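Trainee: Numbered per the numbering used here, the sequence shown spans residues 548 to 644. Each residue gets a CB set at the ideal place from its N, CA and C atoms; glycine is no exception. Keep in mind it's a predicted model, so treat the numbers as computed, not measured. Dropping the structure in here first, questions after.
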Amino acid sequence: MKKIVTFAACAFAAVCLLTSCATVNSGAALSQAPIGQKVGEAKSNIILGIWSSKGEQNDIKKAAENGGITKISQVEYIDKSVLLGLFIEHTTRVYGE
């Protein structure tokens with residue numbers, strides 16, 4: 548019986564540590580224009596909530612530059628969290644012309 552309880556506790560802990568989630572925060576449209584045909588992205592990784600790869604390079608301006616966009620119509624922020632938030636991939640996505 549003790550082995551079953553120990554196994555169940557270890558399995559539960561493994562499931563909790565290995566789960567991940569993703570959230571998408573779609574910003575409101577900046578104009579009444581259609582979303583646009585161009586898409587630009589800028590990504591960075593956040594580790595332990597204290598260190599970020601690429602830091603401030605993950606912003607709307609950089610995403611627009613990466614997509615060749617001069618007129619932004621919509622912005623999305625996407626966060627993917629792994630290992631209970633120890634590792635987060637943050638993406639800024641912009642749409643426009």
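Assign GLN621 to one of two classes, buried (16 or more other C-beta atoms within 10 Å of its C-beta) or exposed (fewer than that).
Mentor: By the 10 Å Cβ count, GLN621 comes out buried.
Trainee: I'd like to confirm the pairing. Which residues does DSSP put opposite SER591 in its beta bridges?
Mentor: SER591 pairs with HIS637.
Trainee: Are the beta-carbon atoms belonging to ILE607 and ILE597 less than 9 Å from one another?
Mentor: Not a contact, by the Cβ cut-off of 9 Å.
Trainee: Would you report the Cα separation of GLU588 and ASN605, rounded to the nearest angstrom?
Mentor: Taking the straight line joining both Cα atoms gives about 8 Å.
Trainee: Within 10 Å of its beta-carbon, does VAL641 have 16 or more other beta-carbons around it, so buried, or fewer, so exposed?
Mentor: Flag for VAL641 reads buried.
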